[in-house]
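Asks: Structure provided below as structure tokens; questions to follow.
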Amino acid sequence: MVTLKSLPEEELFLAGSTACHGCPSSLALRIAFKALGSNVLLIVVASCTSVLQGSYPFSAINVPLLNMAFATGGASASGAVAGYKALKKRGEIEEEPTVLVWAGDGGTYDIGIQSLSGAAERETNFIYFCYNNEMYSNTGTQRSGATPLGAWTTTTPAGKPQHRKDIAQIMIAHGIPYVATVSLAYPLDFFQKMQKAKSIVGTKYIELLAPCPPGWKFPSSKTIEVSRLAVQSGMWLLYEHENGETRFTAATKKIIEGKVRKRPVKEYLDMQGRFKPVLEKPEGKEAEELLERKVTESIKRLKGWVPEYI
Amino acid sequence: MRVLETGNHLVALAARAAGVEVVPAYPITPQTQVIEKIAELIAAGQMDAEYIPVESEHSACAALVAASLTGARAFSATSAHGLAYMHEMVHFAAGIRAPVVMVNVNRALGPGWNIWCDHQDSISQRDTGWLQLYAASHQEVVDSVIQGYRIAEDWSVLLPHMINIDAFVLSHTYMDAEVPEIDEVKDFLPPYKPRWKFDPRLPVTHGSVVYPDDFSETRQSMQIGQENARRVIREVCKEYSELFGRWHGDLVEEYRIDDADIAIVAMGTIASESKVAVDVLREEGVCAGVFRVRYFRPFPIEEIRSLGHRVKSVLVIDRDYSYGMEGALFTELKGALYGYSEIPVRNLIVGLGGRDVSYELIVDMAKKALSGELGEITWGDSRLTSAHRVTLECLEDFKKIFG
Numbered sequence: 001m002v003t004l005k006s007l008p009e010e011e012l013f014l015a016g017s018t019a020c021h022g023c024p025s026s027l028a029l030r031i032a033f034k035a036l037g038s039n040v041l042l043i044v045v046a047s048c049t050s051v052l053q054g055s056y057p058f059s060a061i062n063v064p065l066l067n068m069a070f071a072t073g074g075a076s077a078s079g080a081v082a083g084y085k086a087l088k089k090r091g092e093i094e095e096e097p098t099v100l101v102w103a104g105d106g107g108t109y110d111i112g113i114q115s116l117s118g119a120a121e122r123e124t125n126f127i128y129f130c131y132n133n134e135m136y137s138n139t140g141t142q143r144s145g146a147t148p149l150g151a152w153t154t155t156t157p158a159g160k161p162q163h164r165k166d167i168a169q170i171m172i173a174h175g176i177p178y179v180a181t182v183s184l185a186y187p188l189d190f191f192q193k194m195q196k197a198k199s200i201v202g203t204k205y206i207e208l209l210a211p212c213p214p215g216w217k218f219p220s221s222k223t224i225e226v227s228r229l230a231v232q233s234g235m236w237l238l239y240e241h242e243n244g245e246t247r248f249t250a251a252t253k254k255i256i257e258g259k260v261r262k263r264p265v266k267e268y269l270d271m272q273g274r275f276k277p278v279l280e281k282p283e284g285k286e287a288e289e290l291l292e293r294k295v296t297e298s299i300k301r302l303k304g305w306v307p308e309y310i
Numbered sequence: 311m312r313v314l315e316t317g318n319h320l321v322a323l324a325a326r327a328a329g330v331e332v333v334p335a336y337p338i339t340p341q342t343q344v345i346e347k348i349a350e351l352i353a354a355g356q357m358d359a360e361y362i363p364v365e366s367e368h369s370a371c372a373a374l375v376a377a378s379l380t381g382a383r384a385f386s387a388t389s390a391h392g393l394a395y396m397h398e399m400v401h402f403a404a405g406i407r408a409p410v411v412m413v414n415v416n417r418a419l420g421p422g423w424n425i426w427c428d429h430q431d432s433i434s435q436r437d438t439g440w441l442q443l444y445a446a447s448h449q450e451v452v453d454s455v456i457q458g459y460r461i462a463e464d465w466s467v468l469l470p471h472m473i474n475i476d477a478f479v480l481s482h483t484y485m486d487a488e489v490p491e492i493d494e495v496k497d498f499l500p501p502y503k504p505r506w507k508f509d510p511r512l513p514v515t516h517g518s519v520v521y522p523d524d525f526s527e528t529r530q531s532m533q534i535g536q537e538n539a540r541r542v543i544r545e546v547c548k549e550y551s552e553l554f555g556r557w558h559g560d561l562v563e564e565y566r567i568d569d570a571d572i573a574i575v576a577m578g579t580i581a582s583e584s585k586v587a588v589d590v591l592r593e594e595g596v597c598a599g600v601f602r603v604r605y606f607r608p609f610p611i612e613e614i615r616s617l618g619h620r621v622k623s624v625l626v627i628d629r630d631y632s633y634g635m636e637g638a639l640f641t642e643l644k645g646a647l648y649g650y651s652e653i654p655v656r657n658l659i660v661g662l663g664g665r666d667v668s669y670e671l672i673v674d675m676a677k678k679a680l681s682g683e684l685g686e687i688t689w690g691d692s693r694l695t696s697a698h699r700v701t702l703e704c705l706e707d708f709k710k711i712f713g
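Shown next, in the form of structure tokens:
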């Protein structure tokens, strides 16, 4: 059994990064590297991680790291995978490195969806990791396709009027062999899903809900707590999809099985400043109800795909 | 091996001869046959490369860059809107120093939709940092692709190389050409040995944030690569001609220029047509020559400065236009001559969107340029067609109805 103590001690995400306090991407990189080891090519598309890795000539990342343009995550992976395959044919390398794309929700839900979809359709053998902080945090917190209903951003000053899209389900619809959602509050679940992704050939899509302290307006010491409450309230569902089946995992599984009571969405919203503008208005109650209903709908839809829970 | 093939198929055969290992590509007329042929060769087991059927040109160039930086020899081909669509990555490829080769089949940019030849697409990529060659014959297409890797991958250059070939004039016409076998090319072009690569045994970060204190030097190093390319191009073309017996020029190609009064300066197949024009002009007693700009980047500054002292007049033919200014080659040539020569330089704009450029027209314009009749910029084949008249009538209708 994997325990926190049994995780590899080697850190490939080094000290000296320029991340904000409580940054979820830097925490996630640590866990991801522990699961994947050092034979990795990391491809970072324009996002906070382009900045938090450190600036030229310093780098906090101790694996090869290619920084690429915003829209290119999937395509860059296809190129790198093909390149390593050629090197293996030439006898220059024995084992092809794991190609790991690291992208935010802007680079995944919005500008990068075409490239990601193309790579998935081509069955490129790589792991696509989306750290979803539900906004364009790097440019100063603008709305993205991942921003939830009601959330304040600089481009939705009155709260976002639309729901977010569910890209993990779009990836499942591509028929790729592995899709999983992860949370920093459940690091062993996260670690095991990364390990599993590494062992599977084909396109793997992993998505982390990445609470962003300055963007979501909560104290930087609360990243894990907000992550946990997101799962406990059902606003972030932990599951993995493999061989045509969706399985809930960690706390989400316990909620679905009725072993743990789901916490109200309101508690999660109240922890963050970004929902305040909406919640303070008369329509705040309606937004809260719409989000609560969305949680129920999401669980229902996912449950429909899992025979044992019908 | 001697073959009778289209320019596009010759590109594919040349890429194979060059030992290309990864080919990300997206179809676009008139480039399509290039990638069809490569896919066909790979499927038949006649080419050992990874073909990546990307979902856009932006992705094609991203995959091209990523493959190259792992240490593989990568190739792609595109045209016009495809090249424009990948523009961000065209900059990226040069800025990140990926020594790839890409063939661009020169085609007009819409609207209106036009699949035929002009140079607007590649001229618009002038400032991206790529080496840019314009081929004038089928055989040159083959040899340029092979030479392109030697030049791009030279450790003193390390810049991507664009080979421009004129749509249809070269891409779709059949011509016999000599395509060297892979074994024949091996000594001239050994497998790609990068100066550095993405290898987990020696991890490096590339393309990260560079602050103003360090940025300018990264761009200056690209210019140094371009300047070094001038020397490398001359050396590589000379070595190639010694090994394979074929010479298409280096940065430039000259034709009957030594005793010429007027030099016709052009790029691509218009330069070939100009050679015919020069022969006709000389039969009529006009001393003309062709000065073909083979490499638009790096620009042949020294050669052009010397030309400024060898001829009395220059006619620059542009198959492109920099709107609000003049033909792009015209601007560049005058810039190179500035302070070195005061001979009259005239600009002829022809062949946009695939309109045929005849040697008769070039003969006529060269005579007018020599006699001083030609204005600074002449749209040489501009005329009012019946289609344009329909547009004018339609505009009248708008005026009647909407005022």
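So the protein lines, in turn, are chains A and B. No gaps in the numbering here: position 142 of the first sequence is 142 in this note's numbering, and each next residue is one more. The number in this note's numbering is simply the position in the second sequence, starting from 1, with 310 added. Virtual Cβ for every residue (Gly too), placed ideally from N, Cα, C.
With a 10 Å radius around its C-beta and 16 neighbouring C-beta atoms as the bar for buried, classify B:Asp630 as buried or exposed.
Replies: buried
Asks: Residues of the segment 82-94 of chain A with a CB closer than 8 Å to any CB of chain B: list them in chain order, please.
Replies: Here the close residues are Ala82, Gly83, Tyr84, Lys85, Ala86, Leu87, Lys89, Arg90, Glu92 and Ile93.
Asks: Please name the residue or residues paired with B:Trp689 in a DSSP beta bridge.
Replies: B:Ile659
Asks: Beta strand (DSSP E) containing A:Lys204: first to last residue?
Replies: Thr203 to Leu209
Asks: Please report the straight-line C-alpha distance between B:Gln341 and B:Ser389, rounded to a whole angstrom.
Replies: 6 Å
Asks: Is it buried or exposed, B:Trp715, if we count other Cβ atoms within 10 angstroms and call 16 or more buried?
Replies: In the structure as shown, chain B starts at 311 and stops at 713, and residue 715 of chain B therefore has no counterpart that could be examined.
Asks: Whole angstroms are fine: how far does the CA of B:Val660 sit from the CA of B:Arg417?
Replies: 14 Å
Asks: Have a look at B:Glu360 and B:Leu323 and give me their C-alpha separation to the nearest angstrom.
Replies: 15 Å
Asks: In the DSSP assignment, the alpha helix (DSSP H) including A:Cys314 goes from what residue to what residue?
Replies: The displayed coordinates of chain A run from 1 to 310. Any statement about residue 314 of chain A would go beyond what the structure contains.
Asks: Would a C-beta distance cut-off of 8 Å place B:Ile580 and B:Ala573 closer than the cut-off?
Replies: no
Asks: If we ignore side chains and look at the alpha-carbon of each, how far apart do A:Glu95 and B:Ser616 end up?
Replies: Rounded to whole angstroms, A:Glu95 to B:Ser616 spans 55 Å at the Cα level.
Asks: For A:Gln142, which residues does DSSP report across the bridge?
Replies: For A:Gln142, which the question treats as bridged, DSSP gives the partners A:Tyr136.
Asks: Using a Cβ-Cβ cut-off of 8 Å, state whether A:Lys5 counts as contacting chain B.
Replies: no
Asks: If we define contact as Cβ-Cβ less than 8 Å, is A:Ile170 a contact residue for chain B?
Replies: no
Asks: Which same chain residues, not among the five before or five after B:Asp560, have their C-beta less than 6 Å away from its C-beta?
Replies: Ile543, Arg544 and Cys547
Asks: Closer than 9 Å, Cβ to Cβ, to anything on chain A: give me those residues from the segment 361-378 of chain B, in chain order.
Replies: Tyr361, Ile362, Pro363, Val364, Glu365, Ser366, His368, Ser369, Ala370, Cys371, Ala372, Ala373, Leu374, Val375, Ala376, Ala377 and Ser378
Asks: Counting only beta-carbon atoms, is A:Leu66 nearer than 8 Å to chain B?
Replies: yes
Asks: On the criterion of 16 or more Cβ atoms from any shown chain inside 10 Å, does A:Thr296 qualify as buried, or is it exposed?
Replies: exposed
Asks: By the criterion of Cβ-Cβ separation under 9 Å, what are the contact partners of A:Arg122 in chain B?
Replies: Ile362, Pro363, Val364 and Glu365
Asks: The beta strand (DSSP E) spanning B:His619 covers which residue range?
Replies: It is not in any beta strand (DSSP E) - B:His619 instead sits in the alpha helix (DSSP H) that spans Ile611 to Arg620.
Asks: So, under 8 Å CB-CB, A:Ile255 and A:Lys266 are touching, yes? Tell me the CB distance rounded to an integer number of Å.
Replies: Not confirmed; about 16 Å, so no contact.
Asks: If you follow the alpha helix (DSSP H) that B:His401 is part of, which residue opens it and which one closes it?
Replies: His397 to Gly405
Asks: For A:Val260, count the other beta carbons within 10 Å of its own beta carbon; 16 or more makes it buried, fewer makes it exposed. Which is it?
Replies: Result: exposed.
Asks: Closest by CA to A:Lys217, which one among A:Met171, A:Phe190, A:Ala151 and A:Gln232?
Replies: A:Ala151
Asks: Can you grab the Cα-Cα spacing for the pair B:Glu563 / A:Gly202, in whole Å?
Replies: 50 Å
Asks: Suppose contacts are defined by Cβ-Cβ distances below 8 Å. Is B:His471 in contact with B:Gln435 by that definition?
Replies: no
Asks: Secondary structure at B:Ser623, three-state DSSP: helix, strand or coil?
Replies: strand
Asks: What does the alpha-carbon distance come out to for the pair A:Ile172 and B:Glu612?
Replies: 59 Å
Asks: Since I believe B:Thr380 is in contact with B:Ala404 (beta carbons under 8 Å), could you give me their beta-carbon distance rounded to a whole number of angstroms?
Replies: The pair is not a contact, with the Cβ atoms about 18 Å apart (cut-off 8 Å).
Asks: Whose C-beta lies closer than 7 Å to the C-beta of B:Val352 among residues of the same chain, with five residues either side of it excluded?
Replies: The question names Val, but residue 352 of chain B is Ile in the sequence shown. Only Ala359 and Tyr361 meet the Cβ criterion.
Asks: Of the residues A:Glu11, A:Leu7, A:Ser17 and A:Gln53, which one's Cα is nearest the Cα of B:Thr515?
Replies: A:Gln53
Asks: Where DSSP assigns a beta bridge to A:Thr153, which residues make up the other side?
Replies: A:Thr156
Asks: For A:Gly215 versus A:Ser137, is the C-beta distance shorter than 8 Å?
Replies: Contact: yes.
Asks: Taking the alpha-carbon positions, what's the A:Ser55 to A:Leu209 distance?
Replies: 26 Å
Asks: Within 8 Å (strictly less), CB to CB, does B:Pro334 reach chain A?
Replies: Chain A contact via Cβ: present.
Asks: State the CB to CB distance for the pair B:Val332 and B:Ala408, rounded to an integer number of angstroms; the pair is presumed to be in contact (CB under 8 Å).
Replies: Wrong, their Cβ atoms sit about 11 Å apart, outside the cutoff.
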